[in-house]
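Residue numbers (my numbering): 731 to 1043.
A virtual CB, placed ideally from N, CA and C, is assigned to each residue, including glycine.
Since this is a predicted model, take the numbers as computed values, not measurements.
Remarks on the structure that follows.
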């Protein structure tokens, strides 16, 4: 909007300047103007000067005012862009600092694999954990004859993933899953599966991940919202800034982002259409989310770099 005002002010100022110059030349070169231009006496010269000053003075004052206004608008735009970039990179740096501080234990409950995993590698563990829960919920749908849709399976698994399957939060889980007719049977199934995985597979799938991931997704959401709300940026510029963030996302982060947005936790993401608008998950590898298909819920042009680069030297 400021760019439009700036160019309008420049245009109006230039138009007045051209009009003033044109009228001046027309008057000066006319027979009447040429006769005055002879300046036969002091009185004629004085009258001619007063006329020119009275005519051109206000006109050039108008031109100067519009050019000054355009300069102020341009300076305001520059200052706004500097302030935006400063805040953007600070938010981006804070987001990366949060990722660096992540520390999570492996799903496998063995001596060698129970060491904390830190930084971006933590998302591999998050992915493995949520995959187990998606499998459990899908199996629950079959065993309990619930006929859950893919969206419902994702939602239930994400609830268990974020809040955990703990003995002390059974009532909390019941409340969160109350929208499902068989929510009590679901919670019982999840609890039994948690114990079964621990005893038979030595995997702990009951851990809560809300503390780590709520801040991660909230920071990412507000960073994109901040860019999207900038009036000083064009649509292409907004995409360029969001791409700076998107380029840093690993495959596991993209995978987790898809399931987060597809669940109830992604309500605001879906309302604002950020995933589609900025094509945030377009680089998900083909089949990476199997048996779920991101393109069904979020149709966009997906680019699998592994496939697109095959055969190239």
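For residue 838, no beta strand (DSSP E) encloses it, and the DSSP letter there is neither H nor E. Counting along the chain, residue 847 sits inside the beta strand (DSSP E) bounded by residues 846-848. Going by DSSP, residue 867 is part of the alpha helix (DSSP H) stretching over 852-873. Around residue 899, the same chain offers 893 as residues with beta carbons nearer than 7 Å, after the five sequence neighbours per side are excluded.
Under the DSSP assignment, residue 950 falls in the alpha helix (DSSP H) whose first and last residues are 940-958. In the three-state reduction of the DSSP assignment, residue 933 falls in the strand class, which pools E and B. Cβ neighbours of residue 978 within its own chain (closer than 6 Å, five residues either side excluded): none. Less than 8 Å divides the Cβ of residue 957 from the Cβ of residue 972. Two segments are said to touch when three or more pairs of C-beta atoms, one from each, lie closer than 8 Å; by this definition the region 825-835 touches the region 942-950. Straight-line measurement puts the Cα of residue 929 at about 46 Å from the Cα of residue 820.
The three-state secondary structure of residue 888, taken from DSSP, is helix. Comparing alpha-carbon positions, the option among 959, 837, 884 lying closest to residue 931 turns out to be 837. DSSP places residue 912 in no alpha helix (DSSP H); its state is neither H nor E. A straight line joining the alpha-carbon of residue 912 with that of residue 878 spans about 11 Å. The alpha-carbon of residue 876 is positioned some 29 Å away from that of residue 984. Less than 8 Å separates the beta-carbon of residue 848 from that of residue 832. Residue state for residue 1031 is assigned as coil, using DSSP reduced to three classes. At a Cβ-Cβ threshold of 8 Å, residue 874 and residue 915 count as neighbours.
The Cβ atoms of residue 917 and residue 927 lie no closer than 8 Å to each other.
In the DSSP assignment, residue 1013 falls outside any alpha helix (DSSP H), carrying neither H nor E.
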